[in-house]
Each structure stands twice: as structure tokens, then as C-alpha cells.
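Quick note on the numbering used here: the sequence shown kicks off at 4 and runs consecutively. Cβ atoms here follow ideal geometry from the backbone N, Cα and C, with glycine treated the same way.
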Amino acid sequence: MNRTVRRVPRGIGRRAVLEGAAAGLALVAAPRIARGARARVVVVGGGWGGLGAVRGLARKGATELTLVEPHPAFVSCPLSIHYIVGERPFAEFEHGYGAIERLGVRRVAEAAVAIDRDHREVVTASGRLGYDFLILSPGVEYAEEAIAGYAEARAALPVGFRPFEQHAVKALVDRFLAEGGTFLISVPKPPYRCPPAPYERACLIAERMARHGTKGKVVIADANPQPMPPPIARPILEAMRTVHGARIDYLPDHEAKAVDPAKGTLDCGVAEVPFTHANLVLPMRAPKLLRDAGLAERWAVVRLPEFRSQVDDRIWIVGDSAGTPLPKSGHVAFNAGLVVAEAIGRRLDGQPEPQAGPTALPAGICFAAVTSERAIMINVGADFVPGEGAKLRFEVDPAPTRESSEAALNWGRSMWESMLG
């Protein structure tokens, strides 16, 4: 087998996030690739992380740049809950890749099926793409075997944490709102993509229940002792209690073990939780593509602060498949892509290795909506300290506000413009 990637939020402004994320990287010594040689850079994955890398590298104009992405368009998972509950059209979250192609980036509309590290090639169904440098941002894979019975019932139990899966979750929510009953959402132990998202789903579905007059409740079976990440636990729990009351039951320390859709039960070890409709958020891991290439076990092993693979000097891994302490969020992934673009640019220039020292890691902003008009803003900053690892800083709204709800949509539109405008 071959060994074969318009309010400025308080504390962390958008410009500061983008500029600070690209500052002060440490690079290893490496042979220079002359600019005239047009180094071949292949980016696998056209989501937040991959687009950050593409945008950063395209500005430099010093590479032959190829994006490998099978989907016909980008879909934003962040904020897509507003489509799932029927508040906004799907078109608001779907954006074509035309702007990327107009930058001179070649897009291969196929999936990467293997990475041949020995020959420095990405394998697709139709052929092989050679690279000098490879950036991997393939997202996540669901660990279906973690919940017994899930694989057999996959079609009836959509997860909805990857692009285009929102349609199936929306159909599930629509049926629940029409029929009533118990809508069960499970939450795995971290790390998983977008930690606040399951609680946000519960809140906005509960709000829709009230508007539709739906009889029943939303149940959250959480493998954790409190909502994740811990800095948001208090405002999330308070919002669920005061805003949604009896429409949400929160069950901490209920880790999903097995599901029986015919009986309508989820075995959580401590109890069997009944349901009529279920949205199980599965444990996650790096995709098989990376694991088969020897780049990952559960998550890809990377060196901070530059996100370079620990096992291959010509490969960088960004986004949710990277094994770092950073939150698995779209904004962090985008900024990590910019970091990698800067690192490759310096390597192409043959610049010397910067002096080791504390370095800013990619920052990120995300939002947890608790109603259609109120949200909790979460700012995450981080520094990498040699010998000590990553140190995270959270700034969280103490309560949901209208201001943060408006900021969320403005933030999303601004980010989509940065990536695909």
C-alpha cells in the first residue's frame, strides 16, 4: 500500500483575525523552489480551510494551483441551521466556485481517492495530479461504528454536519413539526465539528415548535456533563431553561451506545431514551484518505504553529481533520488556510526559519443561535508557546443578544465574500 490533506466583535476584530492568524510562523529549513519553476500546489477540499489556502496562494501568483473538490458548489455548514428550520433559503448558504476559477485556479471536480506520497501524487478516479506541496482540508468522516445499529439505519438518521446533508435534516425537522412527538439530538464527546451546533439545533427547533403549535419536546442526549465547549455551558443552559422551558429536556452524561429505529430508542448506557424522530450527531475523525496515507490515526498529526504534517515535510493539513486543540470551526479553518499559504510562500522564497517564540494561532468567531433573533457570540483566540503547546482564550456573550444575532449573518456574508466573492 502507498504511504499515502457590522459589528466588529469585542476583543477579536475580523481584520485582526485574518492578519494575526498569518503572523509569526515557524518554518523548518527546506530547499528553495525557485519562483520561475512555478511550484505545483494541490489543495484537496473546497471548504473553509481549503479556500483560505487557495485565496492566500492565489494572491501570491507564484504557484501552479489546483483545487480538488467533487461538489459543484461550496455550502456553508456554519449558519445553515437557519435553512434547516425554514427561516432562510438554501441559496443563501450555497456559492459557486466561479470566482476561484477566475483567479486562474484549476479545479478538478472529482474526489481524491488516495495520496501517493512516494511519487508526490494525488489520485482521483480519472488520473493522478503531481504536486510539490500538498494542502489537505478534506473535512470529517463519521465514526458510524461508535453507535451500534446506526449504519443499518443511516438513511433515516441524517447527521447534517457536512455540506448538502442539510436537506435530509430539514426534511426530518419538517416531519417532526407536522407530526409532533420527541425529537432526539445526540451529542458526542469532543472533538467534533462545531461544538455549539447540537444545542443551537435544539433551541431553534424548539422555537419552531412554539410557532407551529407542535406537541412534544426536543431531547438532548449529551455524552458530556455540560454543553461544549465549557465556556458556553452557562449561557446555553440558561437560555434553554428560560426561553424554551419544557420544550427541551437536557440529559447530561448520556453517551449514545446503540440505536434501534424500529423501537424508537437510543441506548445511552445509563438509560434508554425514546424518540419518534432522531438527529444523531456521531463521533468524528479524519477521513480515510488521510488515514490510509499514514497521515492520521483518528486525527491528522500536525506541527503547530504551521500545520505541517509530522510525517511528511511537503504536506500541510488544515481544517477539521487536523488534530489540534483549536476548535473545529469554519473560521479557524479559513484562517489556518491563510497561515499555510504564508508558510508556503516563505518556503518558495527560501526565507530563513523565524526565531522560535510565542506565536498567534488562527483565531475564530462563531455564533450559537438560541432563537431566530438572539444568539451567543463566541470568540476564540490562541497562542502557541514552544514547549507548552496551544493556549486558548474564549470570550463568550454572557447571554444571547439581538446584536450577536445580526452580527452572525453579517459575519457569514463577509466570510463568504472573502472566500468566493
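Tell me which residues share the same chain as residue 229 and place their Cβ nearer than 8 Å to its Cβ, disregarding the 5 neighbours each side in the sequence. Cβ within range, chain order: 236, 240 and 255.
Residue 383 beta carbon less than 9 Å from that of residue 436: The structure shown does not extend to residue 436, since the chain is modelled only from 4 through 424, so no value can be given for it.
Once you ignore the five residues that flank residue 106 on each side, which residues in its own chain have a CB closer than 7 Å to its CB? Cβ within range, chain order: 61.
Less than 9 Å between the C-beta atoms of residue 77 and residue 49, yes or no? Yes, they are a contact pair.
Length-filtered (3 minimum) beta strand (DSSP E) runs lying within the region 93 to 118: Qualifying beta strand (DSSP E) stretches, in chain order: 97 to 99 and 109 to 111.
Close Cβ partners of residue 179 (< 8 Å) along its chain, the five nearest in sequence each way excluded: Annotation for residue 179: 186, 208, 217, 219, 279 and 280 place their beta carbon closer than 8 Å to its own, counting only its chain and skipping 5 residues before and after.
Excluding the 5 residues preceding and the 5 following residue 79 in the sequence, name in chain order all residues of the same chain whose CB lies nearer than 6 Å to its CB. 96.
Which residue from 298, 348 and 415 puts its Cα closest to that of residue 324? The residue with the shortest Cα to Cα distance from residue 324 is 298.
Option nearest residue 291 by Cα separation, candidates 140, 109, 85 and 423: Checked all of 140, 109, 85 and 423; the closest Cα to residue 291 is 140.
According to DSSP, simplified to helix, strand and coil, what is residue 326? Correct three-state label for residue 326: coil.
Three-way DSSP call (helix, strand, coil) for residue 277 in this model: In the structure shown, residue 277 falls within a strand segment according to DSSP collapsed to helix, strand and coil.
Suppose contacts are defined by Cβ-Cβ distances below 9 Å. Is residue 175 in contact with residue 224 by that definition? Cβ distance not < 9 Å, so residue 175 and residue 224 don't count as in contact.
Candidates 88, 102, 109 and 74: closest to residue 44 by CA position: Just measuring C-alpha positions, the residue of 88, 102, 109 and 74 sitting nearest residue 44 is 109.
Identity of the residue in 314, 92 and 154 nearest residue 294 by Cα: With distances taken between Cα atoms, residue 294 lies closest to 314.
Suppose contacts are defined by Cβ-Cβ distances below 9 Å. Is residue 379 in contact with residue 242 by that definition? In this structure, residue 242 lies closer than 9 Å to residue 379 by Cβ.
Whole-angstrom distance between residue 365 and residue 30, CA atom to CA atom: Model confidence at residue 30 stands at a pLDDT of 30, short of 50, so the residue's coordinates are unreliable; what they give is reported in the following sentence. Between residue 30 and residue 365, the alpha-carbon positions lie close to 16 Å from each other.
Counting pairs of beta carbons, one from the region 259 to 276 and one from the region 144 to 152, are three or more of them closer than 8 Å? Touching, per the Cβ criterion.
Between the C-alpha atoms of residue 63 and residue 418, what's the straight-line distance to the nearest angstrom? If I take the Cα positions, the gap works out to 20 Å.
Rounded to the nearest angstrom, what separates residue 264 and residue 156 at their Cα positions? In this model, residue 264 and residue 156 are separated by some 7 Å (Cα to Cα).
Which residue's Cα is closest to the Cα of residue 453: 85, 100 and 47? Residue 453 lies beyond the stretch modelled for the chain, which goes from 4 to 424, so this question has no answer here.
Using only the alpha-carbon positions, how far apart do residue 272 and residue 284 sit? One alpha carbon belongs to residue 272, the other to residue 284, and they sit about 17 Å apart.
Alpha-carbon to alpha-carbon, residue 274 and residue 422: Near 45 Å, if we compare the C-alpha coordinates of residue 274 and residue 422.
From residue 222 to residue 112, what does the alpha carbon distance come to, in whole angstroms? Each residue's alpha carbon lies about 39 Å from the other.
Please report the Cβ distance between residue 57 and residue 46, rounded to the nearest whole angstrom; I am assuming they are in contact, meaning their Cβ atoms lie under 8 Å. For a cut-off of 8 Å, the C-beta gap from residue 57 to residue 46 is around 6 Å, short enough to register as a contact.
Is the separation between the beta-carbon of residue 206 and that of residue 372 shorter than 9 Å? Yes, these two residues count as a Cβ contact at 9 Å.
Can you have a look at residue 405 and say buried or exposed, based on whether 16 or more other CB atoms are within 10 angstroms of its CB? Exposed, by the Cβ-count rule.
Considering only DSSP beta bridges, list what residue 66 is partnered with. Paired residue(s): 42.
With 16 other CB atoms within 10 Å as the buried threshold, where does residue 129 fall? When all chains shown are included, residue 129 counts as exposed.
For residue 337, the nearest candidate out of 165, 123, 321 and 136 (CA to CA): Minimum Cα distance to residue 337 is reached at 321.
Can you list, in chain order, the residues of its chain with a C-beta nearer than 8 Å to that of residue 86? Leave out the 5 residues immediately preceding and following it. Only 92, 93, 95, 96, 169 and 173 meet the Cβ criterion.
Once the 5 residues before and after residue 415 are set aside, which same chain residues still bring their CB inside 6 Å of it? Sequence-distant Cβ neighbours of residue 415 in its own chain, meaning closer than 6 Å and more than five residues away, are 82.
If we call anything under 9 Å between Cβ atoms a contact, is residue 363 one with residue 386? Yes. Within cutoff.
Could you tell me the distance, in whole angstroms, from the CA atom of residue 158 to the CA atom of residue 204? Computed Cα separation, rounded: 20 Å.
C-beta atoms of residue 89 and residue 177 nearer than 9 Å: Contact: yes.
Cβ-Cβ separation, residue 375 to residue 197 (assumed contact under 8 Å), whole Å: Cβ atoms of residue 197 and residue 375 stay farther apart than 8 Å, at about 19 Å.
Hey, would you say residue 136 sits closer than 9 Å to residue 347, going by beta carbons? Yes, these two residues count as a Cβ contact at 9 Å.
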